[in-house]
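First comes the structure, then the notes that go with it.
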Amino acid sequence: MNSLFRRLLVINGLIFAVGTTVLALSPATVSSPVLLTELPVLTVGLALMVTANAFLLRASLAPLDGLTTLMERFDSLRSGDRLQISGNGDLSHLIRTFNAMLDRLEADRSASTARVLAAQEAERQRIARELHDEIGQSLTVVLLQLKRVVDRVPDDLTEDMRAVRESVRSCLDEVRGVARRLRPGVLEDLGLLSALSALVSEFDHVEGLELDRSLEAPPDLDPDTELVIYRIAQESLTNVARHSRAGHACLSLSREPGLIVLEVTDDGCGPPSTDGTGILGMRERALLIGARLSITGGPAGGTRVRLAVPIGGERGAAAG
Numbered sequence: 001m002n003s004l005f006r007r008l009l010v011i012n013g014l015i016f017a018v019g020t021t022v023l024a025l026s027p028a029t030v031s032s033p034v035l036l037t038e039l040p041v042l043t044v045g046l047a048l049m050v051t052a053n054a055f056l057l058r059a060s061l062a063p064l065d066g067l068t069t070l071m072e073r074f075d076s077l078r079s080g081d082r083l084q085i086s087g088n089g090d091l092s093h094l095i096r097t098f099n100a101m102l103d104r105l106e107a108d109r110s111a112s113t114a115r116v117l118a119a120q121e122a123e124r125q126r127i128a129r130e131l132h133d134e135i136g137q138s139l140t141v142v143l144l145q146l147k148r149v150v151d152r153v154p155d156d157l158t159e160d161m162r163a164v165r166e167s168v169r170s171c172l173d174e175v176r177g178v179a180r181r182l183r184p185g186v187l188e189d190l191g192l193l194s195a196l197s198a199l200v201s202e203f204d205h206v207e208g209l210e211l212d213r214s215l216e217a218p219p220d221l222d223p224d225t226e227l228v229i230y231r232i233a234q235e236s237l238t239n240v241a242r243h244s245r246a247g248h249a250c251l252s253l254s255r256e257p258g259l260i261v262l263e264v265t266d267d268g269c270g271p272p273s274t275d276g277t278g279i280l281g282m283r284e285r286a287l288l289i290g291a292r293l294s295i296t297g298g299p300a301g302g303t304r305v306r307l308a309v310p311i312g313g314e315r316g317a318a319a320g
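Mapping the sequence shown onto the UniProt record's numbering, position 85 (from 1) lands on 85, and the numbers just tick up by one.
As structure tokens, then:
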């Protein structure tokens with residue numbers, strides 16, 4: 001700020017020096033007391049000095065407007081938004097420092113989010129194991145015991161016992177389904193394409209919803225990136241099933257230059273006006289891998305979720 005102070009001091013000094021020089025060298029004179037005929041000269045001179053001062057100060061302080069605009073629109077979940085540093089700006093140091101602060105904030109948030117999501121995934125895996133190994137095994141034992149009981153009960157109780165056995169079997173299927181959603185073993189074992197296909201199949205049972213898929217084989221991706229893509233697809237389809245009131249939806253995975261693009265579109269009621277917990281979680285996951293997530297209206301109505309994941313060193317392009 002010392003540089004800005006010195007520049008403002010120099011600007012004002014120069015203006016008054018020029019004004020004094022012009023007054024001294026011009027034929028105009030000022031009497032004491034001031035004559036009415038001299039007032040126009042003084043008024044014009046003052047107006048010129050104020051105008052010149054305003055113009056120069058405006059040019060010097062213009063970067064502050066951009067800085068204020070950036071502060072108002074900045075969102076740490078939409079990374080890469082920075083203010084350009086002008087070549088001759090006296091505020092360039094301030095802008096550079098502010099951009100560096102945003103870099104630190106985004107890095108800190110990314111690190112914090114990574115720790116939280118890692119802990120969340122670990123907890124999901126623990127719960128999935130307990131559901132599968134403890135509750136699932138217990139329900140399996142109950143099914144076996146019911147099978148033996150059904151064979152020995154009186155005929156008038158046979159149908160009731162079979163209904164109980166089917167209820168337990170349905171509970172076991174639900175437990176296994178929850179465990180799969182918590183820990184997508186197919187993602188670890190068979191890869192992203194198989195995991196997305198299985199995910200679409202899980203939503204085929206939603207009444208009134210026709211769900212299509214278009215999946216292109218991606219290049220080799222690290223496990224964290226695959227997990228982010230899978231979780232965002234999972235959350236997007238869950239939102240379609242619960243909130244969109246859509247009759248048709250499509251999940252696609254495709255390749256573009258430097259990008260892997262996941263899209264989930266539907267013909268429902270359109271995107272939400274505010275980001276809920278699920279969407280905020282999607283944005284945080286996208287930020288972890290330098291991807292860009294957009295949630296907009298579809299070309300024919302409904303909602304379009306688009307995740308652009310950079311590959312081949314194009315991370316900055318997707319995140320910017």
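Note that the Cβ used here is the ideal one computed from N, Cα and C, for glycine as well.
Predicted, not measured: the structure shown is a model, and the values here were computed from it.
Skipping 5 residues on each side, what residues in its chain have a beta carbon closer than 6 Å to that of residue i?
i: residue 245; result: 268 and 269
i: residue 237; result: 203
i: residue 14; result: none
i: residue 306; result: 263 and 294
Taking a contact to mean a Cβ-Cβ separation below 8 Å, would you say residue i touches residue j in this structure?
i: residue 216; j: residue 254; result: yes
i: residue 199; j: residue 234; result: yes
i: residue 92; j: residue 287; result: no
i: residue 131; j: residue 178; result: yes
i: residue 211; j: residue 127; result: no
i: residue 249; j: residue 264; result: yes
i: residue 260; j: residue 218; result: yes
i: residue 143; j: residue 105; result: no
i: residue 197; j: residue 180; result: no
i: residue 192; j: residue 247; result: no
Quick check: the Cα distance between residue i and residue j, rounded to an integer number of angstroms?
i: residue 317; j: residue 95; result: Model confidence at residue 317 stands at a pLDDT of 40, short of 50, so the residue's coordinates are unreliable and nothing is read from them.
i: residue 320; j: residue 283; result: Reliability fails at residue 320, whose pLDDT of 41 lies under 50, so the model's placement of it is uncertain and the value that follows must be treated cautiously. Rounded to whole angstroms, residue 320 to residue 283 spans 14 Å at the Cα level.
i: residue 164; j: residue 207; result: 26 Å
i: residue 187; j: residue 298; result: 29 Å
i: residue 141; j: residue 308; result: 46 Å
i: residue 311; j: residue 258; result: 5 Å
i: residue 48; j: residue 290; result: 52 Å
i: residue 345; j: residue 276; result: Residue 345 lies beyond the range of the chain shown here (1 to 320); nothing can be said about it.
i: residue 17; j: residue 52; result: 13 Å
i: residue 115; j: residue 160; result: 50 Å
i: residue 108; j: residue 279; result: 20 Å
i: residue 138; j: residue 266; result: 40 Å
i: residue 226; j: residue 154; result: 54 Å
i: residue 315; j: residue 262; result: With a pLDDT of 46 at residue 315, under the threshold of 50, the predicted position of this residue should be treated as unreliable, though the coordinate-derived value follows. In a straight line, the C-alpha of residue 315 is about 16 Å away from that of residue 262.
i: residue 168; j: residue 149; result: 14 Å
i: residue 133; j: residue 152; result: 29 Å
i: residue 335; j: residue 71; result: In the structure as shown, the chain begins at 1 and stops at 320. Residue 335 is therefore absent and cannot be evaluated.
i: residue 82; j: residue 123; result: 36 Å
i: residue 256; j: residue 292; result: 14 Å
i: residue 162; j: residue 112; result: 51 Å
i: residue 43; j: residue 55; result: 18 Å
i: residue 252; j: residue 166; result: 36 Å
i: residue 324; j: residue 121; result: Nothing can be reported for residue 324, as the shown portion of the chain is limited to 1 through 320.
i: residue 67; j: residue 281; result: 28 Å
i: residue 129; j: residue 156; result: 39 Å
i: residue 97; j: residue 69; result: 16 Å
i: residue 125; j: residue 147; result: 31 Å
i: residue 119; j: residue 273; result: 30 Å
i: residue 239; j: residue 205; result: 15 Å
i: residue 243; j: residue 158; result: 41 Å
Leaving out five residues on either side along the sequence, give the residues of the same chain with a beta carbon under 7 Å from the beta carbon of residue i.
i: residue 271; result: 295, 296, 297 and 303
i: residue 194; result: 186
i: residue 135; result: 175
i: residue 285; result: 117, 228, 231 and 232
i: residue 103; result: none
i: residue 301; result: 267 and 270
i: residue 184; result: 195 and 230
Who pairs with residue i in a beta bridge, going by DSSP?
i: residue 68; result: Note: residue 68 sits in no beta bridge, so no partner.
i: residue 95; result: BP columns for residue 95 are empty, so no partner.
i: residue 283; result: DSSP lists no partner for residue 283.
i: residue 310; result: 259
i: residue 289; result: Answer is none; residue 289 lacks a bridge partner.
i: residue 305; result: 264 and 295
Say the cut is 7 Å; is the CB of residue i nearer than that to a heavy atom of the ligand ZN?
i: residue 104; result: For the structure depicted, the ligand ZN is absent and the ligand set is empty, with no information on it obtainable.
Using a Cβ-Cβ distance cut-off of 8 Å, determine whether residue i contacts chain B.
i: residue 124; result: No chain B is present in this structure, which holds just one protein chain.
| In chain order, each alpha helix (DSSP H) run of at least 4 residues that lies wholly inside the segment 207-273 | 223-239
| field | Segments assigned alpha helix (DSSP H), at least 4 residues, entirely inside the segment 101-182 | value | 137-150 and 155-182
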